[in-house]
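Enquirer:
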Amino acid sequence: MAEPTVYELSSAGRIGVRFPEPDVPLAKLPAGLERETLPLPELSELDVVRHFTHLSQLNYSIDGGFYPLGSCTMKYNPKINEETARLPGFAFTHPLQPAETVQGNLALMYELQEYLKEISGFAAVSLQPAAGAHGEFTGVMIIKAYHDAMGHTNRTKMLIPDSAHGTNPATSAMRGFEVVGVPSDSRGNVDLTALKALCDDTVAGLMLTNPNTLGLFEEHVVEVLDLIHGCGGLVYGDGANLNALLGIARPGDIGFDVMHFNLHKTFSTPHGGGGPGSGPVGVAAHLVDFLPGPNAAIVEEGTDEEAPLFDLAMPAKSIGRVKSFHGHFGMLVRAFTYISMYGADGMRKIAEHAVLNANYLLAKLRNTYHVPHDRICMHEFVMEGVFEDAPGVHALDIAKRLMDYKFHPPTNYFPLIVHEALMIEPTETENKQTLDAFADALIKIAAEAHTQPELLHEAPHITPIGRLDEVKAAKDLVLCCWYPDQN
Amino acid sequence: MFIPHTDSEREEMLKEIGVSSMAELFNAVPKNFRFPKLNLPPALSEMEVLAELTELASVNESTRELICFLGAGAYNHYIPAAVDAVISRGEFLTAYTPYQPEVSQGTLQAVFEYQSLIALLTGMEVSNASHYDGATAAAEAAVLAYHHFRGKRARIVLSPAVNPQYRAVLRTYMSGYTGLEIVGDEAGSSPFLSVDDLAKLVDMNTSLVMVQYPDFFGRIQDLTAFAQKVHEAGALLAVAINPTALAMLKTPGEFGADIVVGEGQPLGIPLSYGGPYLGLFAAKKELVRKMAGRLVGETQDEKGQRGYVLTLTAREQHIRREKATSNICTNQGLMALASAVYLSLLGKHGLRKVAELCYHKAHYAAEKIGKIPGYELQTSTPFFHEFVVKTPAPVADINLHLLDHGILGGYDLGKDYPGLDNHMLIAVTEMNTREDIDVLCEVLEEFNHG
Numbered sequence: 039m040a041e042p043t044v045y046e047l048s049s050a051g052r053i054g055v056r057f058p059e060p061d062v063p064l065a066k067l068p069a070g071l072e073r074e075t076l077p078l079p080e081l082s083e084l085d086v087v088r089h090f091t092h093l094s095q096l097n098y099s100i101d102g103g104f105y106p107l108g109s110c111t112m113k114y115n116p117k118i119n120e121e122t123a124r125l126p127g128f129a130f131t132h133p134l135q136p137a138e139t140v141q142g143n144l145a146l147m148y149e150l151q152e153y154l155k156e157i158s159g160f161a162a163v164s165l166q167p168a169a170g171a172h173g174e175f176t177g178v179m180i181i182k183a184y185h186d187a188m189g190h191t192n193r194t195k196m197l198i199p200d201s202a203h204g205t206n207p208a209t210s211a212m213r214g215f216e217v218v219g220v221p222s223d224s225r226g227n228v229d230l231t232a233l234k235a236l237c238d239d240t241v242a243g244l245m246l247t248n249p250n251t252l253g254l255f256e257e258h259v260v261e262v263l264d265l266i267h268g269c270g271g272l273v274y275g276d277g278a279n280l281n282a283l284l285g286i287a288r289p290g291d292i293g294f295d296v297m298h299f300n301l302h303k304t305f306s307t308p309h310g311g312g313g314p315g316s317g318p319v320g321v322a323a324h325l326v327d328f329l330p331g332p333n334a335a336i337v338e339e340g341t342d343e344e345a346p347l348f349d350l351a352m353p354a355k356s357i358g359r360v361k362s363f364h365g366h367f368g369m370l371v372r373a374f375t376y377i378s379m380y381g382a383d384g385m386r387k388i389a390e391h392a393v394l395n396a397n398y399l400l401a402k403l404r405n406t407y408h409v410p411h412d413r414i415c416m417h418e419f420v421m422e423g424v425f426e427d428a429p430g431v432h433a434l435d436i437a438k439r440l441m442d443y444k445f446h447p448p449t450n451y452f453p454l455i456v457h458e459a460l461m462i463e464p465t466e467t468e469n470k471q472t473l474d475a476f477a478d479a480l481i482k483i484a485a486e487a488h489t490q491p492e493l494l495h496e497a498p499h500i501t502p503i504g505r506l507d508e509v510k511a512a513k514d515l516v517l518c519c520w521y522p523d524q525n
Numbered sequence: 006m007f008i009p010h011t012d013s014e015r016e017e018m019l020k021e022i023g024v025s026s027m028a029e030l031f032n033a034v035p036k037n038f039r040f041p042k043l044n045l046p047p048a049l050s051e052m053e054v055l056a057e058l059t060e061l062a063s064v065n066e067s068t069r070e071l072i073c074f075l076g077a078g079a080y081n082h083y084i085p086a087a088v089d090a091v092i093s094r095g096e097f098l099t100a101y102t103p104y105q106p107e108v109s110q111g112t113l114q115a116v117f118e119y120q121s122l123i124a125l126l127t128g129m130e131v132s133n134a135s136h137y138d139g140a141t142a143a144a145e146a147a148v149l150a151y152h153h154f155r156g157k158r159a160r161i162v163l164s165p166a167v168n169p170q171y172r173a174v175l176r177t178y179m180s181g182y183t184g185l186e187i188v189g190d191e192a193g194s195s196p197f198l199s200v201d202d203l204a205k206l207v208d209m210n211t212s213l214v215m216v217q218y219p220d221f222f223g224r225i226q227d228l229t230a231f232a233q234k235v236h237e238a239g240a241l242l243a244v245a246i247n248p249t250a251l252a253m254l255k256t257p258g259e260f261g262a263d264i265v266v267g268e269g270q271p272l273g274i275p276l277s278y279g280g281p282y283l284g285l286f287a288a289k290k291e292l293v294r295k296m297a298g299r300l301v302g303e304t305q306d307e308k309g310q311r312g313y314v315l316t317l318t319a320r321e322q323h324i325r326r327e328k329a330t331s332n333i334c335t336n337q338g339l340m341a342l343a344s345a346v347y348l349s350l351l352g353k354h355g356l357r358k359v360a361e362l363c364y365h366k367a368h369y370a371a372e373k374i375g376k377i378p379g380y381e382l383q384t385s386t387p388f389f390h391e392f393v394v395k396t397p398a399p400v401a402d403i404n405l406h407l408l409d410h411g412i413l414g415g416y417d418l419g420k421d422y423p424g425l426d427n428h429m430l431i432a433v434t435e436m437n438t439r440e441d442i443d444v445l446c447e448v449l450e451e452f453n454h455g
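Chains A and B supply the protein sequences, listed in that same order.
Residues in the first sequence are numbered from 39 upward in steps of one, following this note's numbering.
Residues in the second sequence are numbered from 6 upward in steps of one, following this note's numbering.
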């Protein structure tokens, strides 16, 4: 039985929360501006709690099971993060309070900026962007602002490898850049010959994900960066895969000019069923003045007895504000908590174990599934969800069948350059027993694909609902559960 | 802790992979960049990190200790305990974006209900699954309008009474579109420009007109005639709203707005020093295919059971890449859930009650402050829960004095409007008691007497 909607559960006259009666004289309500009806549901507190508890039980979650989603870094979200973010001193401060009343918040933001600089090797960081795609947007704007300031009016092209996340071309197009694709070579690296041919004075930059979306470290990263810098372009680093690089290599050292972080991937803030994320941006020295703002800064150095005085400051040639206030502060507290618990050695351990887990799964699966770019991977790898001797079985069927084994499916049909892609990222927080069970399930499914393919085609069998009719959803476009004019 | 591997398991795994050490896994990383020494503080245990952060948080003075009259885009409201209880459930908190609908019906139905609640609250036909905050939602309205007219209408008319941060973000977003002009709120224009004067700026080259309701100064006015003028020029009308106010006010939908944007923070989301909040975005159904962001639609499985999926995904970046309506990927899922729980709990009666409490208390405060010698109420038109007061001294000085008495004073409008030095924007919500307001008035009066 499907869970009714809040409107179906509503009962006229029922109250969920009581508020105090007014303790002031009543003012006259604004004539002619009052609304006649307020079409909200009427439920008791228990109705509401039970309804949303039922809904929660229909979800898969990290707390409930393994989530091997490639490019999403679904690591465990420590519970202490939730407690620190809810400390009243953080959770109940207003964003426009005078700086002297929020020195704790500003100190935390300043320290987090410093930590992210240290981890990434960049000269400065802004915590303002709200999510990865928003950080990308910010980064691409910075590239544009840099070329504008230098008078480079002819630099209109953004080069984007064919393995890139879809946000890269979408973001570049939003900023008015012409998107030019760069092919990959047989080892999964950027094709250097093709890249060379594209490098001229019309190039604004290159957006590079490293490790790339095949989970491979770009073997010619230094040459790629040299080529772009050599023709006067800047290199944007998509930080989605930073988990593999913590304490391993710093993008700023390698020569990236600008990069976004995904605090909700690398630094363990929860995904929340699709946000909120947090996408700080780091830049090299020549781009510091273009950062969005305001950002936390020290306005008066501290002494032995006194802490420094912090405030918010706008960079000199800032691209401007990219959101209200100062970023997703609650997410910053969580990420700060996480980094504090790991320290420098811990950072490297995170990356090492994320890479260990991915290579372990790769080793267990490579004899059953075809891995087109088969070499030591970083934090994730991509295999094909298709078998020559079991035609009719697709990556989607394998993904859906995994649900019957109580696993969340891997990312599928991405990256686009691998046929029937299954992209697997285990993260460092999964133990060996879970990885073994997952590999066993995939090996069993491969056998089923040959002997009982219908099991895959009809999967999932044990979920609350079967495969849904997406065409009907797009055709009918029912986007609201109750339309007043229908009643 | 969070890395579960034992030494023997690690050895077994390395053996299975066929390497002899962890370091060998990183041979593809150029040697001169490999394994940098990071300068970070030593790792803390959970006990220590909680102590350190508790200490840091206690340095702040929060609205738990201070009496808060600060609003200007973020509001101090009561959040029923059940909201946090629901959104803290791991099944919601630690779920990914619902790309696999069979194992994500909880999130999908919750978002579908959120869309319904927001559409009905704003009087619009459709709502998306949210944007990052009110400011980015406002910017997305401008992007939508630009594409709606295929870039052929180059003017955006922006009321100076739209939240200054929304206007700043909108400008940042639109700076990549060459030839675009944004008028109405230029430096030097009157902050209190009437909608009649604003309407004079709307021409056949205008794609979008944006006003706020209640506006940044708290004022409310009927926008029906204004909407007509905007539509006569063929432009789209976007209205930035405060969702609490809409519990008692005529909706932008009734005025004929094409797009409604707003900050959803008042709907059960803590102040949290500015985020994460919730960008509301609702529109007429005819604009749905041009909207950015995620949408959840109702459908059925093969057995005819009702279920929900992300729909119209062909607009989105992972399919369309450079032709997408927006690069948006993550939205504010958990915050949208919080507001759906809040709206369900308060419901028809509770939200109206909160709105009326804000309204009556704000009017009590305005009347009382207006009578204090030296302070002048600047808001003569109807207002909701915020109003402007001309002060006898710089707002920062008064606020310092208020702070000494445990009061977080109003917003200094001079920060955004050069002509409005010595003008304070005061917000009153259900959290303020009559006694709080009386204390505010006493301290304001005392300040004036020096």
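Yeah, the Cβ is synthetic: ideal placement off N, Cα and C, and Gly gets one too.
For clarity, every value in this text was computed on a predicted model and none was experimentally measured.
1) Does A:Met188 pass the burial test, meaning 16 or more other C-beta atoms within 10 Å, or should it be called exposed?
2) Starting from the C-beta of B:Asn81, find all residues in its chain whose C-beta is less than 7 Å away, skip the five residues before and the five after it, and write them out in chain order.
3) With 7 Å as the threshold, decide whether the Cβ of B:Lys457 is near any Cβ in chain A.
4) Would you give the residue range spanned by the alpha helix (DSSP H) that B:His464 belongs to?
5) Here's a check: name, in chain order, each residue in its chain whose Cβ is nearer than 6 Å to the Cβ of B:Tyr119, leaving out the five neighbours to either side.
6) Give a yes or no on whether the minimum CB-CB distance between A:His185 and chain B is below 7 Å.
7) As an exercise, report each continuous beta strand (DSSP E) stretch of at least 3 residues that is fully enclosed by the region 434 to 470 of chain A, in chain order.
8) Would you mind sorting A:Gly340 into buried or exposed? The rule is 16 or more other CB atoms within 10 Å of its CB.
9) If you follow the beta strand (DSSP E) that A:Pro498 is part of, which residue opens it and which one closes it?
10) Shorter than 6 Å, the distance from the beta carbon of A:Val296 to the closest heavy atom of the ligand GTP, or not?
11) According to a CB-to-CB cut-off of less than 8 Å, which residues of the region 484 to 498 of chain A neighbour chain B?
12) Quick check on DSSP: helix, strand or coil for B:Cys363?
13) Check the Cβ-Cβ distances between A:Asp295 and every residue of chain B, and say whether any is below 7 Å.
14) Quick check on DSSP: helix, strand or coil for B:Ala371?
15) Let me check understanding here. Comparing Cα to Cα, which of A:Asn143, A:Phe363 and A:Met212 lies closest to B:Glu145?
16) From the DSSP output, which residues share a beta bridge with A:Gly243?
17) Below 8 Å on C-beta distance, what does B:Leu242 contact in chain A?
18) Less than 7 Å between the beta carbons of A:Gly315 and B:Gly338, yes or no?
19) Give me the Cβ distance between A:Glu418 and A:Ile462, rounded to the nearest whole Å; I'm assuming they're in contact under 8 Å.
20) Skipping 5 residues on each side, what residues in its chain have a beta carbon closer than 6 Å to that of B:Gly375?
21) Against chain A, does B:Arg311 count as a neighbour if the rule is that its beta carbon must be under 7 Å from one of theirs?
22) Is the CB of B:Ser385 under 7 Å away from at least one CB in chain A?
23) Do A:Ala278 and A:Ile181 have their CB atoms nearer than 7 Å?
24) Near B:Phe392, which residues of its chain fall below 7 Å by C-beta distance, leaving aside the five closest residues on each side in sequence?
25) CA-CA distance, A:Pro318 and B:Gly352?
26) Helix, strand or coil: how does DSSP classify A:Tyr98 here?
27) Would A:Thr307 pass as a contact of A:Arg372 if the rule is Cβ separation under 7 Å?
28) Can you tell me whether A:Thr91 is helix, strand or coil according to DSSP?
29) Considering just the uninterrupted stretch of the beta strand (DSSP E) at A:Val140, what are its terminal residues?
30) If distances are taken between C-alpha atoms only, which option among A:Arg505, A:Lys510 and A:Leu399 comes closest to A:Arg439?
31) Count the other CB atoms within 10 Å of the CB of B:Asp208; is the residue buried (16 or more) or exposed (fewer)?
32) May I ask you to report which of helix, strand or coil DSSP gives B:Val116?
33) For the beta strand (DSSP E) that A:Gly293 lies in, which residues bound it at each end?
34) Looking at the structure shown, is A:Met416 part of a helix, part of a strand, or coil, going by DSSP?
35) Can you tell which of A:Glu121, A:Leu134 and A:Gly270 has its C-alpha closest to the C-alpha of A:Leu197?
36) Look up B:Phe388 in the DSSP assignment and give the residues it is bridged to.
Expert: Checking against the coordinates, here is how it stands:
1) exposed
2) Spatial neighbours of B:Asn81 in its own chain (CB-CB distance under 7 Å, excluding positions within 5 residues in sequence) are listed in chain order as Thr68, Cys73, Leu276, Thr434 and Met436.
3) The structure shown does not extend to residue 457 of chain B, since chain B is modelled only from 6 through 455, so no value can be given for it.
4) There is no way to answer for residue 464 of chain B, as the model of chain B reaches only from 6 to 455.
5) Ala341 and Ala345
6) no
7) As far as the region 434 to 470 of chain A is concerned, its whole beta strand (DSSP E) runs of at least 3 residues are 459 to 462.
8) It counts as exposed.
9) Unbroken run through A:Pro498: none, as it is neither H nor E.
10) Only the bare structure without any ligand can be found here, which leaves the ligand GTP out of the picture.
11) Pro498
12) helix
13) Chain B, which has no Cβ nearer than 7 Å to the Cβ of A:Asp295, makes this no.
14) helix
15) Residue A:Met212 is the option with its Cα nearest to B:Glu145.
16) A:Met196 and A:Leu272
17) Going along chain A, no residue has its Cβ under 8 Å from B:Leu242, so there is no contact; the nearest lies around 17 Å.
18) no
19) 6 Å
20) Leu382
21) yes
22) Interface annotation, B:Ser385: not in contact with chain A, CB-CB separation never under 7 Å.
23) no
24) Gly223, Ala367, Ala371, Leu382, Thr384 and Ile431
25) 37 Å
26) A:Tyr98: coil per DSSP, three-state reduction.
27) yes
28) helix
29) Run containing A:Val140: none; DSSP gives neither H nor E here.
30) A:Arg505
31) exposed
32) helix
33) It is not in any beta strand (DSSP E) - A:Gly293 carries neither H nor E in the DSSP assignment.
34) For A:Met416, the three-state secondary structure derived from DSSP is coil.
35) A:Gly270
36) B:Arg224
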